[in-house]
Amino acid sequence: MDCFVAALLAMMALASAMPAIAQNFSPPDVARLILNERGGVRDATGWGDDILAALTDNKFQPSRENICSVIAIASQESGFTANPAVPNLGKIADRAVREKLGKIPIFGAKAYDMLDGMPDARHSFIKRVRAARTERDLDLAYRALVEYGAGKSSLDGLLQWGLLDKWIEEYNQISTVGSMQVSVAFALNHARGEHWRPITHSESNAVRDRLYTRAGGLFYGAKQLLGYETGYDQKIFRFADYNAGRYSSRNAAFQAIVAKLSGQKVATDGDLLSYDKVGRARADVTNSETALRALIERHALGIDNAALRRDLVSEKSKDFTNTRTWSAVRALYKRLTGKEPAFAQLPGIQLKSVKIKSKMTTAIFADRVNRRYGKCMALASQMQNRPILMAPRWFWPD
Numbered sequence: 005m006d007c008f009v010a011a012l013l014a015m016m017a018l019a020s021a022m023p024a025i026a027q028n029f030s031p032p033d034v035a036r037l038i039l040n041e042r043g044g045v046r047d048a049t050g051w052g053d054d055i056l057a058a059l060t061d062n063k064f065q066p067s068r069e070n071i072c073s074v075i076a077i078a079s080q081e082s083g084f085t086a087n088p089a090v091p092n093l094g095k096i097a098d099r100a101v102r103e104k105l106g107k108i109p110i111f112g113a114k115a116y117d118m119l120d121g122m123p124d125a126r127h128s129f130i131k132r133v134r135a136a137r138t139e140r141d142l143d144l145a146y147r148a149l150v151e152y153g154a155g156k157s158s159l160d161g162l163l164q165w166g167l168l169d170k171w172i173e174e175y176n177q178i179s180t181v182g183s184m185q186v187s188v189a190f191a192l193n194h195a196r197g198e199h200w201r202p203i204t205h206s207e208s209n210a211v212r213d214r215l216y217t218r219a220g221g222l223f224y225g226a227k228q229l230l231g232y233e234t235g236y237d238q239k240i241f242r243f244a245d246y247n248a249g250r251y252s253s254r255n256a257a258f259q260a261i262v263a264k265l266s267g268q269k270v271a272t273d274g275d276l277l278s279y280d281k282v283g284r285a286r287a288d289v290t291n292s293e294t295a296l297r298a299l300i301e302r303h304a305l306g307i308d309n310a311a312l313r314r315d316l317v318s319e320k321s322k323d324f325t326n327t328r329t330w331s332a333v334r335a336l337y338k339r340l341t342g343k344e345p346a347f348a349q350l351p352g353i354q355l356k357s358v359k360i361k362s363k364m365t366t367a368i369f370a371d372r373v374n375r376r377y378g379k380c381m382a383l384a385s386q387m388q389n390r391p392i393l394m395a396p397r398w399f400w401p402d
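In the working numbering, the protein residues as written are 5 to 402.
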């Protein structure tokens, strides 16, 4: 009997010493995390359901890290609003149209008056711009103008087959949308990758329309945020990338190395090359490339300009770390300084937008998101380690 009691006590001690089994998060559990981050969110359980669906549909683990990453970005970008309103957007957009057309001698004012009468005086393009409250309102006004113009010309067929879409996208000023302010160019590139042919104009519009929905914004936002390997040892760098572009934190650290070794002024913005609005690399030689050329020549690294450009073209992918330029520059830094080169740093970018009302930089953005992430992770860890804290299934009636 004593042996039995001793064995039972030993088993109980072992059980109490074992860590709690991690619990899967349900939509009500995610809702609790959302409301802990931002009280008063409407239909928090619906948001939780769509966050879990976004992770599952993208084949990402519904882990607390991934859930909290999405929550932190959505809270920072929109406060959990699928199609957020922008104060005074109509006035700002109308003024921007006037200023752009005003730069055209003689015909600028006439063009504005013409847009104020198309397709008719009551429902003109300019009136739709003035009435806009959300990015979607402006987006739809621009699309209507494009389709009206194409219908009045011989370009309608080219438009419908999507052959003008890259040009159209370049002039559409609504470039980040939805609850996670996803890059439209990113979402469209993903859609193009799913087809063997160019996507049609209606398919392109469907992607934009989906981004304005709660489920669609979260799906593409999760993909943009989590859909690549970074090599970072801190989450804050991934959050900075979300704002500045993939691998911007890694590239900013590389730029800082180039600046130190070359003695030249190099912006640590995470872009080694310059790009157009749809993400195509321009032929322009940037300050980063100029400094690299000088550095390579001074230290006889044996990389010609063509080879350097080929390496830099891969800066938006993981493959850049496999290039000769990456290895040679970092090895040179270590040899000259005796220190290990940093792999990542927060990009130095000043953010300007009609949606931003106070000073904002990529570093500030990343820090705020990281704080939200930490707050979410603290509660999520408690909930998983103590299942009693998980949300009761009947507790969330919304």
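Note that beta-carbon positions come from the ideal geometry of N, C-alpha and C, so glycine has one too. In this text the structure is predicted, and so the values were computed from the model without any measurement.
Here's the rule: buried if 16 or more other CB atoms are within 10 angstroms of the residue's CB, otherwise exposed. What is SER252?
Residue 252 sits at position 248 when you count from the first residue of the sequence shown. Looking at its Cβ environment, which holds 16 or more other Cβ atoms inside 10 Å, SER252 is buried.
Could you check what DSSP says for VAL181 in three-state terms: helix, strand or coil?
As a first step, residue 181 must be located in the sequence shown, where it is residue number 177. Three-state result, VAL181: strand.
Taking only three categories from DSSP, how would you classify ILE25?
The residue labelled residue 25 in the question sits at position 21 within the sequence shown. Note that ILE25 has pLDDT 42, beneath the 50 cutoff, so the model's placement of it is unreliable and the number below is only indicative. Of the three classes helix, strand and coil, the one that applies to ILE25 here is coil, per DSSP.
So what's TYR279 in DSSP terms, helix, strand or just coil?
For this step, residue 279 is matched to residue 275 along the sequence shown. Three-state result, TYR279: strand.
Please classify ARG126 as buried or exposed, where buried requires at least 16 other C-beta atoms within 10 Å of its C-beta.
Position 122 of the sequence shown, counted from the first residue, corresponds to residue 126. Exposed, since its Cβ has fewer than 16 Cβ neighbours within 10 Å.
Mind pulling the alpha helix (DSSP H) runs of 4 or more residues that sit fully within the segment 328–358?
Complete alpha helix (DSSP H) runs here, min 4: 328–341.
Can you name, in chain order, every residue of its own chain whose Cβ lies under 6 angstroms from the Cβ of ALA348, other than the five neighbours on each side?
By one-based count along the sequence shown, residue 348 stands at place 344. Taken in chain order, the residues that qualify are TYR236, PHE241, SER253, ARG254 and ALA257.
Measuring CA to CA, which of GLN228, ALA57, GLY274 and ILE172 is closest to SER206?
Position 202 of the sequence shown, counted from the start, is the residue given in the question as residue 206. For the residues GLN228, ALA57, GLY274 and ILE172, the minimum Cα distance to SER206 belongs to ILE172.
Rounded to the nearest angstrom, how far is the Cβ of ILE75 from that of ILE38, given a contact under 8 angstroms?
Locating residue 75 in the sequence shown gives position 71, counting from the first residue. Locating residue 38 in the sequence shown gives position 34, counting from the first residue. Right, their Cβ atoms sit about 6 angstroms apart.
In chain order, what residues of the same chain have a beta carbon less than 7 angstroms from the beta carbon of ALA191, not counting five sequence neighbours either side?
For the purposes of this step, residue 191 is taken as residue 187 along the sequence shown, with counting starting at 1. VAL211, LEU215 and TYR224, listed in sequence order.
For ILE178, which of TYR152, MET184 and GLU139 has the nearest alpha-carbon?
As a working note, residue 178 is residue 174 in the sequence shown. The candidate whose alpha carbon is nearest that of ILE178 is GLU139.
Give, in chain order, every unbroken run of the alpha helix (DSSP H) that is at least 4 residues long and sits entirely within the segment 78–154.
Runs of the alpha helix (DSSP H) inside the segment 78–154: 93–106, 111–119 and 129–135.
Take ILE108 and list the residues in its own chain whose beta-carbon comes closer than 8 angstroms to its own, dropping the five residues that flank it on each side.
The count along the sequence shown starts at 1 and reaches residue 108 at position 104. Here the set comprises ALA115.
Just curious, the alpha helix (DSSP H) that LEU305 is in, first and last residue?
Here the question's residue 305 lines up with position 301 in the sequence shown. Per DSSP, LEU305 belongs to no alpha helix (DSSP H) and is neither H nor E.
According to DSSP, simplified to helix, strand and coil, what is ALA285?
Translated into positions along the sequence shown, residue 285 becomes position 281. Strand, per DSSP.
Thinking C-alpha only, which one of LYS95, ASP33, VAL181 and SER128 is nearest THR85?
What you label residue 85 is simply residue 81 of the sequence shown in a count that begins at 1. Closest option to THR85, Cα to Cα, is VAL181.
To the nearest angstrom, how far is it from the Cα of MET387 to the Cα of GLY43?
One-based indexing of the sequence shown puts residue 387 at position 383. One-based indexing of the sequence shown puts residue 43 at position 39. If I take the Cα positions, the gap works out to 18 angstroms.
Below 6 angstroms CB to CB, which residues in the same chain sit around LEU299 once its five sequence neighbours on both sides are set aside?
Numbered from its first residue, the sequence shown carries residue 299 at position 295. Answer for LEU299: LEU265 and SER266, listed in chain order.
Between the alpha carbons of SER128 and ASN209, how many angstroms are there, rounded?
Looking up residue 128 in the sequence shown gives position 124. Looking up residue 209 in the sequence shown gives position 205. Approximately 21 angstroms between the Cα atoms of the pair.
Assuming THR272 and GLY352 make a contact with CB atoms under 8 angstroms, what is their CB distance in whole Å?
To locate residue 272, count along the sequence shown from 1; it is residue 268. To locate residue 352, count along the sequence shown from 1; it is residue 348. That pair is a contact at about 5 angstroms.
Which one or two residues does DSSP pair with VAL186 in a beta bridge?
The count along the sequence shown starts at 1 and reaches residue 186 at position 182. Beta-bridge pairing links VAL186 to VAL181.
Report the partner residues of THR294 according to the DSSP bridge assignment.
Taking the sequence shown and counting its residues from 1, one reaches residue 294 at position 290. DSSP output for THR294 lists no bridge partner at all.
Are there 16 or more other CB atoms within 10 angstroms of the CB of SER292, so buried, or fewer, so exposed?
Position 288 of the sequence shown, counted from the first residue, corresponds to residue 292. Buried: at least 16 other Cβ atoms inside 10 Å.
Would you check if the distance between the CB atom of LEU312 and the CB atom of THR329 is smaller than 8 angstroms?
Numbered from 1 along the sequence shown, position 308 holds the residue referred to as residue 312. Numbered from 1 along the sequence shown, position 325 holds the residue referred to as residue 329. Yes, they are a contact pair.
Taking the C-alpha atoms as reference points, what is the distance between GLY378 and GLN80?
For the purposes of this step, residue 378 is identified with residue 374 of the sequence shown, where counting begins at 1. For the purposes of this step, residue 80 is identified with residue 76 of the sequence shown, where counting begins at 1. Approximately 13 angstroms, taken between the alpha carbons.
If we ignore side chains and look at the alpha-carbon of each, how far apart do ALA304 and LEU336 end up?
The residue you call residue 304 lines up with position 300 of the sequence shown. The residue you call residue 336 lines up with position 332 of the sequence shown. Cα-Cα distance, rounded: 11 angstroms.
Does DSSP put THR365 in a helix, in a strand, or in coil?
By 1-based counting over the sequence shown, the position of residue 365 is 361. Strand at THR365.
Report the option in ALA57, SER321 and ARG218 whose CA atom is closest to the CA atom of VAL186.
Against the sequence shown, residue 186 aligns to sequence position 182. For VAL186, the nearest C-alpha among the options comes from ARG218.
Can you tell me whether ALA135 is buried or exposed? The criterion is at least 16 other CB atoms within 10 Å of its CB, across all chains shown.
Within the sequence shown, the letter at position 131 stands for residue 135. By the 10 Å Cβ count, ALA135 comes out exposed.
Please work out which residues of its chain come closer than 8 angstroms, Cβ to Cβ, to VAL270, disregarding the five sequence neighbours upstream and downstream, and give them in chain order.
The residue you call residue 270 lines up with position 266 of the sequence shown. Only GLN259, ALA260, VAL262, ALA263, ASN291, SER292 and ALA295 meet the Cβ criterion.
Is the separation between the beta-carbon of VAL133 and that of LEU142 shorter than 8 angstroms?
The sequence position of residue 133 within the sequence shown is 129, counting from 1. The sequence position of residue 142 within the sequence shown is 138, counting from 1. In contact: VAL133 and LEU142 (Cβ atoms closer than 8 angstroms).
Of the choices GLU319, ASN28, ALA48 and LEU149, whose alpha-carbon is the least far from that of ASP275?
Working through the sequence shown from its first residue, we reach residue 275 at position 271. Ranking the options by Cα distance to ASP275, first place goes to GLU319.
Can you give me the C-alpha to C-alpha distance between ASN40 and ALA310, rounded to a whole angstrom?
Residue mapping note: residue 40 aligns to position 36 of the sequence shown, counting from 1. Residue mapping note: residue 310 aligns to position 306 of the sequence shown, counting from 1. If I take the Cα positions, the gap works out to 52 angstroms.
Using three-state DSSP, classify SER67 as helix, strand or coil.
Against the sequence shown, residue 67 aligns to sequence position 63. Coil.
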